[in-house]
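Okay, so here's the structure we're looking at.
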Amino acid sequence: MVIRKIVYLVILIVSMIFVTSSIIWDGMQINNYDQLYHVNLGFPITFITQDQSAWEPPLPFRATYKITKTLSEFHALRYFCAVLTVVFFLIIIFEFWRRKIMY
Numbered sequence: 051m052v053i054r055k056i057v058y059l060v061i062l063i064v065s066m067i068f069v070t071s072s073i074i075w076d077g078m079q080i081n082n083y084d085q086l087y088h089v090n091l092g093f094p095i096t097f098i099t100q101d102q103s104a105w106e107p108p109l110p111f112r113a114t115y116k117i118t119k120t121l122s123e124f125h126a127l128r129y130f131c132a133v134l135t136v137v138f139f140l141i142i143i144f145e146f147w148r149r150k151i152m153y
């Protein structure tokens, strides 16, 4: 029982790392300059909206998280839902794997 709680805690930490890192490797395809005003980032649910209109990239452009020259809006509820989605998915995989090993 204690091992299961430790595994669930590890799953939660891994999920938070995965969702947080998704702003770096996940991106949004930009086809016109109007889309640069609302760049949505995050996976599986977008939780950061950035205004990247200060950038003038050649189009089409794959927009990723920018640290400088951007205004960011963090949606905490969406982040929480994204983490929970990944947690539930990993717990289902863990439970199926655990039951397969036991039988």
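Just so you know, the sequence shown maps onto residues 51 to 153 in my numbering. No residue lacks a Cβ here, since even glycine has one placed at the ideal position from N, Cα and C.
- A direct Cα-to-Cα measurement between residue 93 and residue 52 gives close to 30 Å.
- For the options 78, 87, 129, 126, the alpha carbon positioned closest to that of residue 110 is the one of 78.
- Contact annotation: residue 73 and residue 129 have beta-carbon atoms that are not nearer than 8 Å.
- Taking residue 102 as reference, the option from 112, 119, 96, 95 with the minimal CA-CA separation is 119.
- Sixteen is the threshold: when 16 or more other Cβ atoms of the shown chains lie within 10 Å of the Cβ of residue 95, as they do, the residue is buried.
- Rounded to whole angstroms, the gap between the alpha carbons of residue 88 and residue 152 is 49 Å.
- Pairing residue 75 with residue 91, the inter-Cα distance amounts to about 9 Å.
- In terms of Cα proximity to residue 65, the closest of 138, 148, 150 is 138.
- By the CB criterion at 8 Å, residue 98 and residue 68 fall outside the cutoff.
- In terms of Cβ geometry, residue 61 and residue 127 do not form a close pair [threshold 8 Å].
- If you compare the alpha carbons of 100, 145, 150, 113 with that of residue 80, the shortest gap goes to 113.
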